[in-house]
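Chemist: Residue numbers (UniProt numbering): 1 to 559.
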Ligand code: 16G
Ligand code: MG
């Protein structure tokens, strides 16, 4: 047998070059890493070894899946600039399969190069990975200053696999662009779109033009880019659509140290329920009909807002987007005569416990089925796949709309009986091209919102008028051990510590239209308390009572 055909010999070489490469990225002592809701995320200077090891796992996964392309994104989204993170993207453009998260965690926590090599070898055997198979990796980073050093660590890991690995470097781009390119690369039918950032922008722009028809030009839209990578994506998109939708970028200082996500961006606006100070002081939202939106640091979250009567801040968050979009799609299905009979297609919504009670009530009252799932895009995405057309949004602005493959075929083969029906079907198909089918994209969602507003002939106030949010409050409680708080029923109830849920229920009963729940954060070392009620004073009192219950259960106070 020749050396080339001798797997053990090849593997010995691979493991020895893995050892030398890994030595350059030792694991920091005393840190325990965990692949959480959005991958690994912490201070950037702790991450080189984690990125190195995440890249190893990505290669294993690609080899396991017959060389399908796997994505690696270096970003920490809305976190402060000194943080960074890494997450893996599966072949269909979705989040890494949950059963592999533990493998990522295991590799990240190996204390030495030797233990890394041994864990890598065990995983390869256990997961039935043939190391001699080819692999394919696509990677990108956001604009964080720590990005280039982490990309070096990533390349260090990929270099171990030499010629047997296909690598595409997307350089600096948004998270949703990476997800799109991974999905398009693996799309055997070749119909999803060109697997490049330009291909994506062109696909979206084309669908946007179909949907807009002769509508427009629209009033300029102000877009707060969180001083992050969304500014670059927005500029590229703008070239294609500016004649119909003029876009005015705000907070697009990607080169300014410390500016990323600072006092701006979707997370700031949603959490503070206020304008970014730079926008407030500019006075631009006092113009007639002015509306604005904010992206987060990697452009996968979107919230809108405007000033009511040119004064009062009004937030149009993920719930407001979901409701408007679900109703629009339902109306298109009605126009296409696809809501009854054998051909009927159902639009459903997926929310989390954070969805404002008014939005759920609105959808239920109009016969749109709503499912509630735990926090995190992966849960929403999977639940949305169970509908013909699944609209999923977290209140914080993460979300998208999924069209099932059979829905696409049904729309493509439908026989319209009137020009109106034909038009509705054409628009539904265009929506499936406009909306990112891999993951929520702030830029794609922004075009979606603008399309719906244009079709309805609405401005922000008419959109806002659909329903009134119940007053709500989100508090953060730092506790000694957040993992003692275990949830059930899609995070709406606590199963542990025993008895605490009953006390929360008592507190909820004391206020009108009250609702409250407690869950450990998946991204920070704290417990989150959410409350809503009919009036602001009631919600404040409920949130504070439940926080006290959490502190007491943690042994932080005596009662
Ligand atoms: C992550 C999730 C987001 C979720 C948030 C909750 C993804 C891509 N991102 O950012 O969906 O809303 O975590 O954070 O899944 P928390 O667990 O700290 O409340
Ligand atoms: Mg994000």
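Just so you know, even glycine gets a beta-carbon here, dropped at the ideal spot from N, CA and C. Note that this is a predicted model, so its numbers are computed, not measured.
Distance check for residue 442 and residue 28, CA to CA, integer angstroms please.
Modeler: For the purposes of this step, residue 28 is taken as residue 28 along the chain shown, with counting starting at 1. For the purposes of this step, residue 442 is taken as residue 442 along the chain shown, with counting starting at 1. Each residue's alpha carbon lies about 35 Å from the other.
Chemist: From the DSSP output, in three-state form, read off residue 10 for me.
Modeler: Taking the first residue of the chain shown as position 1, residue 10 is located at position 10. It is helical.
Chemist: Which partner residues does residue 222 have in the DSSP bridge list?
Modeler: For this step, residue 222 is matched to residue 222 along the chain shown. Residue pairing of residue 222 in beta bridges, as defined by DSSP: 248, 292.
Chemist: For the ligand 16G, which residues count as neighbours when the test is a C-beta closer than 7 Å to any heavy atom?
Modeler: 37, 38, 77, 95, 300, 375, 376, 377, 378, 394, 396, 398, 521, 522, 523, 524, 528
Chemist: Identify the continuous beta strand (DSSP E) that holds residue 553 and give its terminal residues.
Modeler: Within the chain shown, the letter at position 553 stands for residue 553. Counting along the chain, residue 553 sits inside no beta strand (DSSP E); it lies in the alpha helix (DSSP H) bounded by residues 536 to 553.
Chemist: Classify residue 334: buried if its beta carbon has 16 or more other beta carbons within 10 angstroms, exposed otherwise.
Modeler: Within the chain shown, numbered from 1, the residue matching residue 334 stands at position 334. Answer is exposed; the Cβ neighbour count stays below 16.
Chemist: Beta carbon of residue 437, beta carbon of residue 407: below 9 Å?
Modeler: Residue mapping note: residue 437 aligns to position 437 of the chain shown, counting from 1. Residue mapping note: residue 407 aligns to position 407 of the chain shown, counting from 1. Cβ atoms of residue 437 and residue 407: not closer than 9 Å.
Chemist: Any idea which residues DSSP pairs residue 281 with across the strands?
Modeler: Within the chain shown, the letter at position 281 stands for residue 281. Paired residue(s): none; residue 281 is not in a bridge.
Chemist: Given this structure, state the Cα-to-Cα distance separating residue 204 from residue 211, to the nearest angstrom.
Modeler: Position 204 of the chain shown, counted from the start, is the residue given in the question as residue 204. Position 211 of the chain shown, counted from the start, is the residue given in the question as residue 211. For residue 204 and residue 211, the distance between alpha carbons rounds to 11 Å.
Chemist: If you measure between the beta carbons of residue 124 and residue 165, is that distance less than 9 Å?
Modeler: The residue you call residue 124 lines up with position 124 of the chain shown. The residue you call residue 165 lines up with position 165 of the chain shown. It is not a contact, given that the beta carbons lie outside the stated cut-off.
Chemist: So, under 8 Å CB-CB, residue 550 and residue 439 are touching, yes? Tell me the CB distance rounded to an integer number of Å.
Modeler: Residue numbering aside, residue 550 sits at position 550 when the chain shown is read from its first letter. Residue numbering aside, residue 439 sits at position 439 when the chain shown is read from its first letter. No, residue 550 and residue 439 are not in contact; Cβ-Cβ is about 32 Å, not under 8 Å.
Chemist: For residue 308, which beta-bridge partners are listed by DSSP?
Modeler: Walking along the chain shown from the start, residue 308 turns up at place 308. Paired residue(s): 312.
Chemist: Could you give the DSSP three-state label for residue 405: helix, strand or coil?
Modeler: The sequence position of residue 405 within the chain shown is 405, counting from 1. Residue state, collapsed to three classes: helix.
Chemist: Within 10 angstroms of the Cβ of residue 318, are there 16 or more other Cβ atoms? Answer buried if so, exposed if not.
Modeler: For the purposes of this step, residue 318 is taken as the residue at position 318 of the chain shown. It is buried - the Cβ of residue 318 has at least 16 other Cβ atoms within 10 Å.
Chemist: Would you call residue 365 buried or exposed, if buried means 16 or more other Cβ atoms sit within 10 Å of its Cβ?
Modeler: For the purposes of this step, residue 365 is identified with residue 365 of the chain shown, where counting begins at 1. Residue 365 comes out exposed.
Chemist: Answer yes or no: do residue 107 and residue 139 have a C-beta to C-beta separation smaller than 9 Å?
Modeler: Here residue 107 is taken as the residue at index 107 of the chain shown, counted from 1. Here residue 139 is taken as the residue at index 139 of the chain shown, counted from 1. Contact: no.
Chemist: Which runs of the beta strand (DSSP E) spanning at least 3 residues fall entirely within the stretch 38 to 87, listed in chain order?
Modeler: 40 to 43, 69 to 74
Chemist: Given residue 5, which residues of its chain have a CB within under 6 Å of its CB, disregarding the five upstream and five downstream residues?
Modeler: Residue numbering aside, residue 5 sits at position 5 when the chain shown is read from its first letter. Bear in mind that a pLDDT of 42 at residue 5, under 50, signals an unreliable position, so the number given afterwards is only what the model happens to contain. Cβ within range, chain order: n/a, list empty.
Chemist: Can you pull the DSSP bridge partners for residue 520?
Modeler: Here residue 520 refers to the residue found at position 520 of the chain shown. The partner list for residue 520 (beta bridge, DSSP) reads 527.
Chemist: Distance check for residue 228 and residue 277, CA to CA, integer angstroms please.
Modeler: Here the question's residue 277 lines up with position 277 in the chain shown. Here the question's residue 228 lines up with position 228 in the chain shown. So the two alpha carbons sit approximately 17 Å from each other.
Chemist: Nearest to residue 101 by alpha carbon, out of 444, 86, 350?
Modeler: Numbered from 1 along the chain shown, position 101 holds the residue referred to as residue 101. For the residues 444, 86, 350, the minimum Cα distance to residue 101 belongs to 86.
Chemist: Please classify residue 229: does DSSP put it in a helix, a strand, or coil?
Modeler: Residue numbering aside, residue 229 sits at position 229 when the chain shown is read from its first letter. Of the three classes helix, strand and coil, the one that applies to residue 229 here is coil, per DSSP.
Chemist: Per DSSP, residue 136 is paired with what?
Modeler: Here residue 136 refers to the residue found at position 136 of the chain shown. Paired residue(s): 69, 166.
Chemist: With distances taken between CB atoms, is the gap from residue 58 to residue 142 smaller than 9 Å?
Modeler: Walking along the chain shown from the start, residue 58 turns up at place 58. Walking along the chain shown from the start, residue 142 turns up at place 142. Contact flag unset, no.
Chemist: Nearest CA to the CA of residue 561: which residue from 161, 215, 304?
Modeler: Here the chain covers residues 1 to 559 and nothing more, so residue 561 does not appear.
Chemist: Using only CA atoms, which one of 97, 548, 513 lies nearest to residue 539?
Modeler: Residue 539 sits at position 539 when you count from the first residue of the chain shown. For residue 539, the nearest C-alpha among the options comes from 513.
Chemist: Could you check what DSSP says for residue 571 in three-state terms: helix, strand or coil?
Modeler: An answer regarding residue 571 cannot be provided, because it is not within the stretch 1 to 559 covered by the chain.
Chemist: For residue 22, which residues in the same chain have their Cβ closer than 6 Å to its Cβ, ignoring the five residues on either side in sequence?
Modeler: Here the question's residue 22 lines up with position 22 in the chain shown. The answer, listed in chain order, is 113, 116.
Chemist: Going by the C-beta, is residue 75 closer than 8 Å to any heavy atom of the ligand MG?
Modeler: Residue numbering aside, residue 75 sits at position 75 when the chain shown is read from its first letter. Yes, the Cβ of residue 75 comes within 8 Å of a heavy atom of the ligand MG.
Chemist: Evaluate the contact criterion for the stretch 40 to 60 versus the stretch 147 to 160: three or more CB pairs, one atom per stretch, below 8 Å.
Modeler: In short, these stretches touch, since the Cβ pair count reaches three.
Chemist: Please tell me whether, using a cut-off of 8 Å, the distance from the CB of residue 71 to the nearest non-hydrogen atom of the ligand MG is below it.
Modeler: If you number the chain shown from 1, residue 71 lands on position 71. For residue 71, the distance from the CB to the nearest heavy atom of the ligand MG is not below 8 Å.
Chemist: Measuring CB to CB, does residue 371 end up less than 9 Å from residue 356?
Modeler: Reading the chain shown from its first residue, position 371 is the one you call residue 371. Reading the chain shown from its first residue, position 356 is the one you call residue 356. It is not a contact, given that the beta carbons lie outside the stated cut-off.
Chemist: Output needed for residue 488: all residues of its chain with C-beta closer than 8 Å, excluding positions within five of it in sequence on either side, in chain order.
Modeler: The residue you call residue 488 lines up with position 488 of the chain shown. Same-chain partners within the cutoff: 494, 495.
Chemist: Once the 5 residues before and after residue 429 are set aside, which same chain residues still bring their CB inside 8 Å of it?
Modeler: Reading the chain shown from its first residue, position 429 is the one you call residue 429. These residues qualify, in order along the chain: 408, 411, 412.
Chemist: Measure the C-alpha to C-alpha separation of residue 298 and residue 176 and round it to an integer number of angstroms.
Modeler: By one-based count along the chain shown, residue 298 stands at place 298. By one-based count along the chain shown, residue 176 stands at place 176. Distance between the alpha carbons of residue 298 and residue 176 is about 8 Å.
Chemist: Is residue 297 close to the ligand MG? I mean its beta-carbon at under 8 Å from any heavy atom of the ligand.
Modeler: Locating residue 297 in the chain shown gives position 297, counting from the first residue. It does: the Cβ of residue 297 is within 8 Å (strictly closer) of some heavy atom of the ligand MG.
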